Each structure stands twice: as structure tokens, then as C-alpha cells.
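Numbering (full-length UniProt numbering), first residue to last: 1 to 326.
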């Protein structure tokens with residue numbers, strides 16, 4: 001398997017050409033495809049990967065985060081199959097405009113490449129996500145299951161998930177196979193079993209739709225810290241460990257001094273490893289407690305979650321003690 005860490009800065013002058021390339025090695029190239037939409041205004045459309053030798057079927061997977069200027073970063077996870085005889089695959093959609101000379105675009109993440117002929121049953125870890133290399137048939141299966149969520153095929157559904165004014169047609173068998181919570185719900189003599197309707201009251205409709213899409217396809221759309229946080233809550237409640245890991249990995253990659261307290265509380269509620277990661281991040285970025293206690297959220301945390309606050313204080317003291325012994 002080939003693994004390429006990506007750190008790519010693009011400026012306004014770089015995107016005048018319709019295709020700007022980053023060579024990964026002698027065979028593989030990452031391409032940024034742009035179009036001119038008006039005078040001195042360009043649109044960055046997609047990120048592609050290309051190869052020189054069109055030989056065997058190859059899986060390309062990974063995760064890429066991108067942002068324009070100081071805007072909030074967006075992250076996309078991808079898993080693509082380049083068929084034998086084909087030279088490229090679209091990895092992610094970007095669709096952002098460049099119109100000022102000081103505009104810039106930052107892309108970072110990881111791209112993994114493996115031929116289908118290699119053993120594909122193993123898991124490969126990358127920072128930010130866990131990638132499963134799937135043969136073409138499994139990729140096709142995911143796409144086929146996604147079509148079951150199309151409103152035009154709702155006649156095949158046997159349950160409606162109600163969330164506010166939204167109603168999502170679904171299938172009890174698939175929901176039960178993927179989530180023990182749904183399985184128990186449909187197995188037991190509850191009103192949902194007889195009405196073929198489930199009221200979802202504790203998550204938003206957009207979060208429910210994203211969770212159901214993952215249940216059917218194992219895919220997530222563009223994640224943000226906000227959506228990943230909401231999805232983590234849903235994944236924990238409906239016992240979807242793989243989705244929990246996707247959300248946790250994204251939050252770990254997106255952690256900053258501005259959001260670490262929020263992510264810490266999320267971890268305390270839903271994922272112990274995310275909590276420990278957040279505590280470690282705090283210890284690495286604050287040299288002493290006097291500096292840390294100036295954070296606005298600290299006073300609130302100390303009152304609402306005193307046990308968690310004590311965990312942080314203990315970790316900071318241990319970290320300081322280790323540094324002093326060096």
C-alpha cells in the first residue's frame with residue numbers, strides 16, 4: 001500500500017490554469033481542477049487523482065480537509081475505485097471561488113492507494129479516519145443501498161422515521177441489522193412495531209438523515225465540528241460504534257484551543273478516548289494551570305462538571321511534574 005500525507009497550499013496565481021498538479025511520486029499525481037467563471041474569477045471545482053499507467057484495478061481512499069483563507073475547514077472522506085484502463089478518479093468536490101489576489105486554499109490529509117489484487121481485508125489506520133479498502137462489489141453494494149433512501153423507492157419501505165415535520169422512509173430489517181437499539185425497538189411489542197412509525201425527538205432532522213445515510217452506506221457527508229458533535233451523540237445513543245469512531249477521529253483532527261473544552265465535554269459524555277485525547281491536548285498546549293483557568297469555559301465546567309474539572313487539574317499537575325523532571 002502507498003500512503004501519501006498531503007499538505008498543499010494553493011494561491012490565486014496557482015489556479016489560473018485549468019489543472020494544477022501536485023506530484024505524489026513518479027506515477028501518481030493529485031490535481032486541482034478549476035474553471036474561469038468571469039474575468040479574474042476562478043472556481044476551484046474538484047480534487048482528482050491521476051496515474052500514468054492504466055493497469056490494474058486500484059482502490060484510493062483517505063480523507064482531505066480544505067479551507068479557503070481563514071474560513072472554517074471542511075473535511076471529506078473518500079473511497080474510490082479506479083478501474084483497469086482508467087487513469088483518474090474524482091476524490092472530493094470543493095466548489096469555491098477565487099477572485100482576490102490574496103486568496104489562498106489549503107488542503108491537507110492523507111491519500112492511501114492499494115491495488116485490488118492485494119489483500120483488502122485488513123484495516124489501515126490514517127490520522128482522522130479508519131479506511132476500509134473495498135472491492136468493487138462492496139462499493140457497488142453501498143451505492144445500491146443508498147438508492148433505497150431515494151423518495152422514488154419509498155414504496156419498498158416499511159417504517160417511517162418522524163422528526164419534527166420531516167419523515168424519512170426506511171426499512172426495519174436494515175435498521176435492525178445495523179443498530180441494536182432499532183432491533184430492540186422493532187422486536188418488542190412497542191407502539192412503533194404496530195404503527196410502523198418511529199418518533200425521533202432528541203436529534204434534528206438533518207442529523208437523523210446523516211445517521212440513516214451512514215447506516216445504509218457507511219458514508220458521511222461533509223463534516224464540521226458541529227455536525228460531527230451532533231452525529232456523535234446520535235451514534236452513541238443508537239449504538240453505532242463505527243460512526244462514533246468516524247466522528248471522534250474528525251473531532252480529534254479538528255481540535256483547537258477554541259473548541260477543546262466543547263470536545264472535552266463531548267468525550268466525557270460519549271467517548272472516553274476522545275476525552276483522554278482532549279485532556280492530553282490541554283496538557284500539551286497550556287504550560288500551567290494559571291494560564292488555563294483564564295479560559296472562559298473553565299469556570300462553567302468547574303461548577304457543572306466538578307469531577308471532569310478535577311481530572312483536568314490532575315492531568316495538568318502530572319504534566320508539569322514530568323516537564324520539571326526532564
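Even glycine gets a Cβ: it sits at the ideal position worked out from N, Cα and C. Bear in mind that the values here come from a model prediction, so they are computed numbers and not experimental data.
| said: Cutting at 7 Å between CB atoms, please list the residues of its own chain near residue 225, excluding the five before and the five after it. | reply: Within the chain shown, numbered from 1, the residue matching residue 225 stands at position 225. Around residue 225: 251, 254, 259.
| query | Measuring CA to CA, which of 150, 313, 320 is closest to residue 287? | reply | Counting from 1 along the chain shown, the entry for residue 287 is found at position 287. Measuring from the Cα of residue 287, the nearest candidate turns out to be 320.
| From residue 31 to residue 256, what does the alpha carbon distance come to, in whole angstroms? | Taking the chain shown and counting its residues from 1, one reaches residue 31 at position 31. Taking the chain shown and counting its residues from 1, one reaches residue 256 at position 256. If you draw a straight line from the Cα of residue 31 to the Cα of residue 256, it is about 29 Å long.
| Looking only at its own chain, which residues have a Cβ that is under 7 Å from the Cβ of residue 142, when we skip the five neighbours before and after it? | Indexing the chain shown from 1 puts residue 142 at position 142. Only 217, 218, 219 meet the Cβ criterion.
| task | Could you tell me if residue 51 is buried or exposed, where buried requires 16 or more neighbouring beta carbons within 10 angstroms of its beta carbon? | result | Residue 51 sits at position 51 when you count from the first residue of the chain shown. That one is buried.
| task | Figure out for me which residue from 158, 57, 325 has the closest Cα to the Cα of residue 84. | result | Counting from one through the chain shown, the residue named residue 84 turns up at place 84. Closest by alpha carbon: 57.
| query | Exposed or buried, which one is residue 112 when buried takes at least 16 other CB atoms within 10 Å? | reply | For the purposes of this step, residue 112 is taken as the residue at position 112 of the chain shown. By the 10 Å Cβ count, residue 112 comes out buried.
| said: Under 8 Å: do the segment 156 to 168 and the segment 193 to 211 share three or more Cβ pairs, one atom per stretch? | reply: By the C-beta criterion, the segment 156 to 168 is judged to be in contact with the segment 193 to 211, since at least 3 inter-stretch pairs fall below 8 Å.
| request: Would you kindly report the start and end of the unbroken beta strand (DSSP E) that includes residue 62? | output: Residue numbering aside, residue 62 sits at position 62 when the chain shown is read from its first letter. Run containing residue 62: 58 to 68, per the beta strand (DSSP E) assignment.
| Own chain residues within Cβ distance below 7 Å of residue 298, not counting five before or after | By one-based count along the chain shown, residue 298 stands at place 298. Cβ-Cβ distances below 7 Å link residue 298 to 292 in the same chain, with the five nearest sequence neighbours on each side left out; the list follows chain order.
| query | Does the beta-carbon distance from residue 107 to residue 64 come in below 8 Å? | reply | Within the chain shown, the letter at position 107 stands for residue 107. Within the chain shown, the letter at position 64 stands for residue 64. Here residue 107 is near residue 64, since their CB atoms are less than 8 Å apart.
| message | I need the DSSP call for residue 188, collapsed to helix, strand or coil. | response | Indexing the chain shown from 1 puts residue 188 at position 188. Note: residue 188 maps to coil in three-state DSSP.
| task | Taking residue 59 and residue 116 to be in contact with their CB atoms under 8 Å, please state how far apart those CB atoms are, rounded to whole angstroms. | result | Here the question's residue 59 lines up with position 59 in the chain shown. Here the question's residue 116 lines up with position 116 in the chain shown. Between residue 59 and residue 116 a beta carbon distance of about 6 Å is seen, short of the 8 Å cut, so the two are scored as contacting.
| For residue 41, the three-state DSSP class (helix, strand or coil) | Start at 1 with the first residue of the chain shown, and residue 41 comes out as number 41. Strand at residue 41.
| said: Let's see if you can read the secondary structure: which residues bound the alpha helix (DSSP H) around residue 270? | reply: Locating residue 270 in the chain shown gives position 270, counting from the first residue. DSSP places residue 270 in the uninterrupted alpha helix (DSSP H) bounded by 260 to 270.
| What number of angstroms, rounded off, separates the C-alpha of residue 26 from the C-alpha of residue 47? | What you label residue 26 is simply residue 26 of the chain shown in a count that begins at 1. What you label residue 47 is simply residue 47 of the chain shown in a count that begins at 1. Rounded to whole angstroms, residue 26 to residue 47 spans 19 Å at the Cα level.
| request: Per DSSP, which residues does residue 113 bridge with? Please list them. | output: Indexing the chain shown from 1 puts residue 113 at position 113. BP columns for residue 113 point to 2, 60.
| Buried or exposed by the 16-neighbour rule on C-beta atoms within 10 Å, applied to residue 21 | Start at 1 with the first residue of the chain shown, and residue 21 comes out as number 21. So residue 21 counts as exposed.
| request: Taking residue 248 as part of the beta strand (DSSP E), name the residues at either end of that continuous run. | output: If you number the chain shown from 1, residue 248 lands on position 248. Annotation: residue 248 is outside any beta strand (DSSP E); the continuous alpha helix (DSSP H) that includes it extends over 241 to 254.
| Counted within 10 angstroms of its Cβ, other Cβ atoms place residue 76 as buried (16 or more) or exposed | Your numbering for residue 76 matches position 76 in the chain shown. By the Cβ-count criterion, residue 76 is buried, with 16 or more other Cβ atoms from all chains shown falling within 10 Å of its own Cβ.
| field | Buried or exposed (CB count within 10 angstroms, at least 16 for buried), residue 304 | value | As a position in the chain shown, residue 304 is number 304, starting the count at 1. Under a 10 Å Cβ-count criterion, residue 304 is classified as exposed, with fewer than 16 other Cβ atoms of the shown protein chains found around its own Cβ.
| request: Indicate the three-state DSSP secondary structure (helix, strand or coil) for residue 89 in the structure shown. | output: Stepping through the chain shown from its first residue, residue 89 is reached at position 89. DSSP places residue 89 in the strand class (E or B) of the three-state scheme.
| query | What number of angstroms, rounded off, separates the C-alpha of residue 279 from the C-alpha of residue 245? | reply | Within the chain shown, numbered from 1, the residue matching residue 279 stands at position 279. Within the chain shown, numbered from 1, the residue matching residue 245 stands at position 245. Whole-angstrom Cα-Cα distance: 18 Å.
| query | Considering residue 161, what are the terminal residues of the beta strand (DSSP E) in which it resides? | reply | Counting from 1 along the chain shown, the entry for residue 161 is found at position 161. 159 to 163 is the span of the beta strand (DSSP E), which, as asked, contains residue 161.
| said: Rounded to whole angstroms, what is the Cα-Cα separation between residue 153 and residue 208? | reply: Sequence index remark: in the chain shown, residue 153 carries index 153 (1-based). Sequence index remark: in the chain shown, residue 208 carries index 208 (1-based). Distance between the alpha carbons of residue 153 and residue 208: 19 Å.
| message | Checking 8 Å against the spacing of the C-beta atoms, do residue 34 and residue 18 come in under that value? | response | Residue numbering aside, residue 34 sits at position 34 when the chain shown is read from its first letter. Residue numbering aside, residue 18 sits at position 18 when the chain shown is read from its first letter. Result yes, Cβ atoms of residue 34 and residue 18 sit closer than 8 Å.
| query | By a C-beta neighbour count over all protein chains shown, 10 Å radius and 16 as the cutoff for buried, is residue 179 buried or exposed? | reply | Counted from its first residue, the chain shown places residue 179 at position 179. Buried, since its Cβ has 16 or more Cβ neighbours within 10 Å.
| As assigned by DSSP and simplified to three states, the class of residue 299 | Your numbering for residue 299 matches position 299 in the chain shown. The three-state reading of DSSP puts residue 299 in helix, counting H, G and I together.
| said: Is the separation between the beta-carbon of residue 156 and that of residue 98 shorter than 8 Å? | reply: Counting from one through the chain shown, the residue named residue 156 turns up at place 156. Counting from one through the chain shown, the residue named residue 98 turns up at place 98. Their beta carbons are not under 8 Å apart, which means residue 156 does not touch residue 98 by this criterion.
| What are the boundary residues of the beta strand (DSSP E) that residue 197 is part of? | Locating residue 197 in the chain shown gives position 197, counting from the first residue. 197 to 199 is the span of the beta strand (DSSP E), which, as asked, contains residue 197.
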